[in-house]
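Following this note's numbering, the numbering of the sequence shown begins with 7 at its first residue and continues without gaps.
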Amino acid sequence: MYHYISYNCKYMSFMDSNTIKIYYDGNCGLCSKEISYYKRIDKKNTFDWVNIYNDDTDLKKFGITKSEALTELHALDKDGKMHKGVDSFLLIYTKHGFRYYKSLFRWKLWLMQ
């Protein structure tokens, strides 16, 4: 049974409520290198790392195409909210304790507006 959540057409039955799903392009060298770093420091297994180049099944359930997903990082948090782009990185930074980067990132985005 699927549970409807409030981001377009999202379903949570495939999601472990104890992890945050990070959808990344495993075919991108830079992306893979950065994700490898995050995996190494994720000692509490906070994240479930999904290589969407090989498997984009979850994202299809959210109405996100593979080509769209390959251009931006996506993350599904424990509450079922989908984050994309910068918001996905902010989620990773917050959970890994990178408060400095999170603050710096938000401040820079505020200046750009």
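Glycine residues also receive a C-beta, built at the ideal position from the N, C-alpha and C atoms.
{"Asked": "Supposed close pair Asp62, Lys72 - CB separation, criterion 8 Å", "Found": "4 Å"}
{"Asked": "Simplified DSSP assignment, three categories, for Leu82", "Found": "strand"}
{"Asked": "C-alpha distance - Tyr99 paired with Thr52, whole-angstrom precision", "Found": "12 Å"}
{"Asked": "Reduced DSSP secondary structure (H/G/I, E/B, other) of Lys27", "Found": "strand"}
{"Asked": "Delimiting residues of the beta strand (DSSP E) encompassing Asp64", "Found": "Where Asp64 is concerned, there is no enclosing beta strand (DSSP E), although the alpha helix (DSSP H) it sits in stretches over 63–66."}
{"Asked": "Local Cβ density within 10 Å of Leu97, reported as buried at 16 or more and exposed below that", "Found": "buried"}
{"Asked": "Under 8 Å between C-beta atoms of Ala75 and Lys27", "Found": "no"}
{"Asked": "Residue from Asp85, His102, Glu78, Asn24 whose Cα sits closest to the Cα of Asn57", "Found": "Glu78"}
{"Asked": "Assigned secondary structure, Lys133 (DSSP; H/G/I helix, E/B strand, else coil)", "Found": "A query on residue 133 cannot be resolved here, the shown segment of the chain reaching from 7 to 119 and no further."}
{"Asked": "Exposure of Asp64, with buried meaning 16 or more beta-carbon neighbours within 10 Å", "Found": "buried"}
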